[in-house]
Amino acid sequence: MSEKKIALVTGANKGIGFETSRQLGKIGIMVLMGARDRKQGLAAAEKLQEEGLDTAFVHLDVTSSRDIDQVRSFIDNNFGKLDILLNNAGMAHSEEPLFSNSTATISMQALRQTFDVNFFGLVELTQALLPLIRKSPAGRIVNMSSMLGSLTLHSDPQSGLEQIKGLAYNASKTAVNQFTVHLAALLKDTPIKVNSAHPGWVRTELGGNEAPMEVGEGAKTGVALATLDTDGPSGGFFHLGERMPW
Ligand SMILES: NC(=O)c1ccc[n+]([C@@H]2O[C@H](COP(=O)([O-])OP(=O)(O)OC[C@H]3O[C@@H](n4cnc5c(N)ncnc54)[C@H](OP(=O)(O)O)[C@@H]3O)[C@@H](O)[C@H]2O)c1
């Protein structure tokens, strides 16, 4: 079994996933960078290797059971455990721009596609890797959620989310939060910690150019939860160290 800490970051070819890989790499963690596009994934892993970091590309479309199984075997055969799973891959469908209310119009295809990536893929990957995470002395699972998944904020007229009601994206992140709570309950007597992260509104392809936060800042919440001490929280929802409402 590898002595070094091993992390898997999904959707690591760009945006918050790429920056998260860089920040984990900089603290000496070996990062497996998952990407569904081989060329982009390889280029991303090579870029961080050129910066002196220990990274490797793994081909992973989170909606592919075959990819998930191959990644599980690869990690098992090469490292025998997984210390950090950062479920970062995510999408927002073009049918629901950020400032819209898609509730009455979203197509079932868009709803299913969004759930396939943001929820079903995340759950299937986590279930597949859980036996390897149990072999880590201090497993950490971070589910990249969003404040847009918060029912408390959406039902508060003062929260500023009145115009941001994309049903597929928001509901998929609410489901991710429920997965976090259920998984943390299941693992409460183990060293494994499971938390949801809101990265902030971050300037990436998904976040758009209007977003106020730079990607380096946007990666911080996930990295902090991925590297929690033994006395850190589990089953919570956080943004930059602050608890978010469910
Ligand atoms: N940016 C924000 O303001 C913000 C706010 C709250 C939450 N988030 C969450 O943060 C996470 C990262 O978002 P980001 O802003 O960095 O977005 P991004 O730059 O668009 O990156 C999204 C990443 O997810 C990958 N991905 C999409 N579908 C996938 C699939 N089926 N299998 C594997 N990877 C897939 C993308 O790969 P491709 O390049 O191949 O498409 C890309 O690497 C997401 O979960 C997002 O919901 C972001």
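Here the working numbering is used: position 233 in the sequence shown is 214, and no number is missing along the way.
The beta-carbon is built from N, C-alpha and C at its ideal position, and this holds for glycine as well.
Asked: Span separating the alpha-carbon of S131 from that of P226; Found: 6 Å
Asked: Option in D57, N58 and A70 with minimal Cα separation from S45; Found: A70
Asked: Nearest-angstrom Cβ-Cβ length linking S215 and K174, presumed shorter than 8 Å; Found: 4 Å
Asked: Where H40 sits in the DSSP three-state scheme; Found: strand
Asked: Best match in M14, V204 and S54 for proximity to I283 [C-alpha to C-alpha]; Found: Outside the displayed range of the chain (-18 to 227) lies residue 283, so it cannot be described from this structure.
Asked: Contact test: N59 Cβ vs ligand 1 heavy atom, cutoff 8 Å; Found: no
Asked: 8 Å Cβ shell around K146 - same chain, five flanking residues per side excluded; Found: S81, N82, S83, T84 and H135
Asked: I(-3) Cβ short of 8 Å to ligand 1 heavy atom set; Found: yes
Asked: For H40, the nearest candidate out of Q30, G33 and Q51 (CA to CA); Found: Q51
Asked: For N158, the first and last residue of its enclosing alpha helix (DSSP H); Found: L148 to L167
Asked: Straight-line gap, A25 to E186 (C-alpha atoms, nearest Å); Found: 16 Å
Asked: N69 Cβ short of 8 Å to ligand 1 heavy atom set; Found: yes
Asked: C-beta atoms of T1 and L67 nearer than 9 Å; Found: yes
Asked: N-terminal and C-terminal residue of the beta strand (DSSP E) that P13 is part of; Found: Strictly speaking, residue 13 in this sequence is Leu, with Pro absent from that position. Start and end: M11 to A16.
Asked: Distance between L206 and Y150 (C-alpha atoms, nearest Å); Found: 22 Å
Asked: Closer than 8 Å: G141 CB and nearest ligand 1 heavy atom; Found: no
Asked: Helix, strand or coil at E72 according to DSSP, with G and I counted as helix; Found: Glu is not the amino acid found at residue 72; the sequence shown has Met there. It is coil, neither helix nor strand.
Asked: Member of A166, Q159 and N58 whose CA lies at the smallest distance from the CA of V104; Found: Q159
Asked: Minimum length 4: unbroken alpha helix (DSSP H) runs contained in the stretch 59 to 126; Found: 89 to 96 and 103 to 114
Asked: Under the three-state DSSP convention, the category H179 falls into; Found: coil
Asked: Three-state secondary structure assigned by DSSP to M240; Found: There is simply no residue 240 to check, as the chain begins at -18 and stops at 227 in what is shown.
Asked: Bridge partner(s) assigned by DSSP for K(-15); Found: In the DSSP output, where bridge partners are listed per residue, K(-15) has none listed.
Asked: CA-to-CA distance, R19 to V183, given in whole angstroms; Found: 25 Å
Asked: Simplified DSSP state of K20, which is helix, strand or coil; Found: helix
Asked: Beta-carbon proximity of I(-13) to M11, cut-off 9 Å; Found: yes
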